[in-house]
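These notes concern the structure reproduced below.
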């Protein structure tokens, strides 16, 4: 049973490395926490500029369905459904 668990964890780690999900998530989380503390007094327009730059770069939702397809809508979309490619 331990061998099955080890194989499952290895497959999961490989899929995560291939998708590149952990790195962008951790990068996006750290600046978001740091920006409001620095930008709160007088840099409100500066905070809006990086958000616009992210959408210009084609930042996608990135949600994956069971079959492995990725959502092609913009990150943080208001639509309830995902659009897979």
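Numbering (UniProt numbering), first residue to last: 1 to 85.
Backbone N, C-alpha and C fix where the C-beta goes; we use that ideal spot for every residue, glycine too.
Since we're looking at a predicted model, the values are computed, not measured.
Distance from the CA atom of residue 80 to the CA atom of residue 6, rounded to whole angstroms, is 36 Å. DSSP places residue 18 in the helix class (H, G or I) of the three-state scheme.
For residue 8 and residue 1, the gap between their C-alpha atoms comes out near 11 Å.
The alpha-carbon separation between residue 74 and residue 85 amounts to approximately 13 Å.
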